[in-house]
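Protein chains in written order, with numbering that gives the first Met the number 0: chain V, 0 to 239; chain D, 0 to 269.
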Amino acid sequence: MTLTAAQDVRIAGELRHVDKWYGDHHVLDDVSVRVDRGEIVALIGRSGSGKSTVLRVLSGLSTDHTGGRTVSGAPALAFQEPRLFPWRDVRTNVVYGLTRSRLTKAEARARTDRALADVGLADRAEAWPLTLSGGQAQRVSLARALVAEPELLLLDEPFGALDALTRLSMRALLLDLWREHGFGVLLVTHDVDEAVALADRVLVLDEGRLIHTLEIDEPRTSTHSERHRIELLDQLGVRI
Amino acid sequence: MTSPAALAAPIAPVPAVNNGWRQRKWALIRLASPIVLLALWQLGSAVGLIPQDVLPAPSLILEAGIELIENGQLADALGVSGIRVVEGLLLGGFLGVALGTAVGLSRWFEATVDPPMQMIRALPHLGLIPLFILWFGIGELPKVLLVALGVSFPLYLNTFSAIRQVDPKLFETAQVLGFSLWERFHRIIVPSAAPQVLVGARQSLAIAWLTLIVAEQINADSGIGFLINNARDFLRIDIIIFGLIVYALLGIGTDAIVRILERRALGYRT
């Protein structure tokens with residue numbers, strides 16, 4: 000494993016020719032991925048295609064691979080389930096996102112409250128995680144990931160467990176936060192619509208190999224059909 | 000047997016107003032039942048139906064209790080028995096939790112410590128009394144050690160399994176967030192294991208009192224067990240029964256304390 004400081008200042012995270020084996024199973028076969036700051040890259044694939052493994056390698060959770068890995072700072076990772084600590088209130092859960100930062104208590108508190116306000120949960124800071132709805136819990140998880148101001152945000156099917164309406168609000172929230180903070184995003188999903196709606200670039204992974212790259216150059220949410228969806232969703236109380 | 004649906008059917012459609020009265024009625028009956036029983040006991044004693052040299056009237060037991068409280072014997076006995084239980088609990092609790100934690104966290108400790116612990120657990124600890132008397136004499140030490148031995152196993156087993164049941168996904172999250180070993184321990188392992196360790200603590204408390212009762216029957220010159228044994232020599236059945244009630248109250252009282260701790264530890268599950 001190599002871990003070097005980002006040479007190119009734009010790079011948020013990069014894998015170069017990464018191979019990984021689980022026993023006889025070739026999970027990743029010469030995978031190269033690059034995510035720049037201010038860019039959203041979606042990685043789609045069937046179950047077992049190795050897309051979560053790409054995230055695990057980039058995040059540093061998984062180490063025994065060959066090839067190069069470059070990450071700017073400590074990447075943040077949010078999972079499909081919020082994975083909050085149920086015995087600590089919402090605020091403390093978000094403070095835990097600052098474990099690596101050497102901040103004073105007051106600074107950490109201010110950053111945490113800002114992150115919670117960013118995801119629209121400033122008023123739930125004292126709540127127990129188990130009293131939150133699925134969407135609220137996922138927003139806390141997002142606040143915890145972003146509170147340390149990472150340059151690379153890794154998302155592992157983050158909206159997969161949410162209902163359709165909440166999922167759309169979460170996509171809009173992610174885009175808002177991304178526009179404001181300008182981090183790079185690698186989004187792993189099996190939802191093609193989600194990939195198209197959010198990403199600048201969509202990578203298709205199949206049996207550990209990248210088989211296709213689709214650049215999306217149209218501006219987000221501007222097509223004709225999209226306008227109708229927005230209108231209808233607005234009627235349903237979902238703002239995107 | 001009647002099906003659950005058939006049982007539930009006539010209760011379900013009761014109107015809300017009626018429902019409140021019904022619930023209160025059952026609560027009243029539950030409360031009245033032991034009081035009526037106590038009154039029958041007192042009445043049976045008064046009319047001579049219950050021989051007083053076998054089972055004295057409740058009023059006589061109460062008088063015996065007041066006598067023991069006034070002459071200070073109860074306070075002395077409680078102090079001695081209390082110290083035995085507290086020392087045994089601290090020693091056995093520390094050993095149980097420490098060994099359970101070590102075995103839960105480390106495969107190496109599991110392979111080396113768990114097999115002998117399971118073997119010792121198979122011995123009925125109350126059966127060790129003769130051995131403990133020969134080893135440790137008839138002073139305080141064998142009683143405290145016996146309580147400690149009885150207390151350590153429920154805490155050991157519950158701590159061990161509580162630590163093994165911590166959600167591995169939280170450890171993965173901890174790795175992503177960059178927790179140190181100490182942060183993993185006190186942010187994840189301790190709060191996650193606490194509820195089950197407290198279940199172990201409740202089992203341990205019950206065993207602690209039971210062990211104390213048996214240990215105090217056999218060789219004691221002070222404590223509640225001594226009070227009871229002494230009363231037997233003087234045919235004071237009222238004092239014996241009062242002593243048993245004191246044991247029961249101590250058991251209920253300490254169990255209630257742990258339940259309060261449990262509620263506090265589980266406050267987040269509201």
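Ideal Cβ positions, reconstructed from N, Cα and C, are used throughout, including at glycine. The structure presented is a predicted model; accordingly, all values stated were derived computationally and were not measured.
Close-in-space but distant-in-sequence residues of the same chain around residue i (CB under 6 Å, 5 per side omitted)
{"i": "V/Arg-33", "result": "Glu-13"}
{"i": "V/Leu-185", "result": "Val-34, Val-40, Leu-153"}
{"i": "D/Phe-135", "result": "Pro-141"}
{"i": "D/Ala-230", "result": "Ile-238, Ile-239"}
{"i": "D/Ser-44", "result": "Ala-56"}
{"i": "V/Ala-73", "result": "Arg-99"}
{"i": "V/Lys-50", "result": "Leu-42, Gly-44, Val-187, Leu-204"}
{"i": "D/Gly-99", "result": "Tyr-155, Thr-158, Phe-159"}
{"i": "V/Val-247", "result": "Since the first residue of chain V shown is 0 and the last is 239, residue 247 of chain V is not available in this structure."}
Neighbour flag for residue i against chain V, beta carbons, 9 Å
{"i": "D/Val-198", "result": "no"}
{"i": "D/Gln-174", "result": "yes"}
{"i": "D/Ser-221", "result": "no"}
{"i": "D/Ser-191", "result": "yes"}
{"i": "D/Ile-187", "result": "yes"}
{"i": "D/Phe-184", "result": "no"}
{"i": "D/Leu-260", "result": "no"}
{"i": "D/Arg-263", "result": "no"}
{"i": "D/Gly-103", "result": "no"}
{"i": "D/Leu-169", "result": "yes"}
{"i": "D/Arg-201", "result": "no"}
Own chain residues within Cβ distance below 8 Å of residue i, not counting five before or after
{"i": "V/Leu-97", "result": "Ala-107, Arg-110, Thr-111, Val-146, Ala-147"}
{"i": "D/Ile-128", "result": "Pro-141, Leu-145, Val-213, Ala-214, Ile-217"}
{"i": "V/Ile-215", "result": "Val-195, Ala-198, Asp-199, Arg-200, Val-201"}
{"i": "V/Asp-240", "result": "This structure cannot speak to residue 240 of chain V, because chain V is shown only from 0 to 239."}
{"i": "D/Val-35", "result": "none"}
Contact with chain D by residue i, beta-carbon distance below 9 Å
{"i": "V/Gly-183", "result": "no"}
{"i": "V/Pro-157", "result": "no"}
{"i": "V/Arg-68", "result": "no"}
{"i": "V/Glu-254", "result": "Missing from the structure shown is residue 254 of chain V; chain V here goes from 0 to 239 and no further."}
{"i": "V/Val-86", "result": "Note that residue 86 of chain V corresponds to Trp in the displayed sequence, not to Val. V/Trp-86 counts as touching chain D."}
{"i": "V/Trp-20", "result": "no"}
{"i": "V/Ser-58", "result": "yes"}
{"i": "V/Pro-128", "result": "yes"}
{"i": "V/Asp-76", "result": "Before going further, note that residue 76 of chain V is Leu rather than Asp in the sequence given. Judged by the 9 Å Cβ criterion, V/Leu-76 is in contact with chain D."}
{"i": "V/Arg-123", "result": "no"}
{"i": "V/Ala-109", "result": "no"}
{"i": "V/Ala-142", "result": "no"}
{"i": "V/Ala-114", "result": "no"}
{"i": "V/Ala-171", "result": "no"}
{"i": "V/Ala-105", "result": "no"}
{"i": "V/Ala-196", "result": "no"}
{"i": "V/Ala-11", "result": "no"}
{"i": "V/Ala-73", "result": "yes"}
{"i": "V/Ile-229", "result": "no"}
For residue i, the three-state DSSP class (helix, strand or coil)
{"i": "V/Trp-20", "result": "strand"}
{"i": "D/Gly-266", "result": "helix"}
{"i": "V/Val-237", "result": "coil"}
{"i": "V/Leu-185", "result": "strand"}
{"i": "V/Arg-101", "result": "coil"}
{"i": "V/Ala-77", "result": "strand"}
{"i": "V/Leu-83", "result": "coil"}
{"i": "V/Leu-151", "result": "strand"}
{"i": "D/Asp-237", "result": "helix"}
{"i": "D/Gln-51", "result": "coil"}
{"i": "D/Leu-6", "result": "Its pLDDT being 43, under 50, D/Leu-6 is placed unreliably in this model, and the value from its coordinates should be taken loosely. D/Leu-6: helix per DSSP, three-state reduction."}
Residue i Cβ short of 8 Å to the ligand FAD heavy atom set
{"i": "D/Asp-52", "result": "In the structure on display, the ligand FAD does not appear, and there are no ligands present to speak of."}
Same chain, Cβ closer than 7 Å to residue i, neighbours up to 5 away in sequence not counted
{"i": "V/Leu-83", "result": "Asn-92, Pro-128, Ala-136, Val-139, Ser-140"}
{"i": "V/Asp-18", "result": "Leu-27, Asp-28, Asp-29, His-64, Thr-65, Gly-66"}
{"i": "V/Ser-100", "result": "Ala-147"}
{"i": "D/Gln-72", "result": "Leu-226"}
{"i": "V/Ile-10", "result": "Arg-33, Asp-35, Thr-69, Ser-71"}
Beta bridge counterpart(s) of residue i as assigned by DSSP
{"i": "V/Thr-65", "result": "V/Asp-18"}
{"i": "V/Gly-12", "result": "V/Val-34, V/Val-70"}
{"i": "V/Arg-200", "result": "V/Val-40, V/Glu-214"}
{"i": "V/His-180", "result": "V/His-180 pairs with nothing; no bridge assigned."}
{"i": "V/Leu-209", "result": "V/Leu-204"}
{"i": "V/Leu-27", "result": "V/Lys-19"}
Residue from the options with nearest C-alpha to residue i
{"i": "D/Leu-148", "options": "D/Arg-186, D/Gly-138, D/Gly-126, D/Ile-137", "result": "D/Gly-126"}
{"i": "V/Thr-188", "options": "V/Val-8, V/Leu-197, V/Thr-165", "result": "V/Leu-197"}
{"i": "D/Asp-166", "options": "D/Gly-47, D/Pro-33, D/Pro-190", "result": "D/Pro-190"}
{"i": "D/Leu-276", "options": "D/Leu-54, D/Val-79, D/Trp-20", "result": "The question about residue 276 of chain D has no answer here: the residues shown for chain D are numbered 0 through 269."}
{"i": "D/Glu-62", "options": "D/Glu-261, D/Phe-241, D/Leu-260", "result": "D/Phe-241"}
{"i": "V/Gly-207", "options": "V/Ser-48, V/Arg-238, V/Ala-160, V/Ala-142", "result": "V/Ser-48"}
{"i": "D/Leu-209", "options": "D/Leu-88, D/Arg-106, D/Asp-113", "result": "D/Leu-88"}
{"i": "D/Phe-152", "options": "D/Ala-200, D/Leu-48, D/Phe-178, D/Ser-80", "result": "D/Ala-200"}
Discussion item. Using a Cβ-Cβ cutoff of 7 Å, what residues of the segment 86-101 of chain V are near chain C? List them in chain order.
Written reply: As a matter of chain content, chain C is missing from the structure shown, whose protein chains are V and D.
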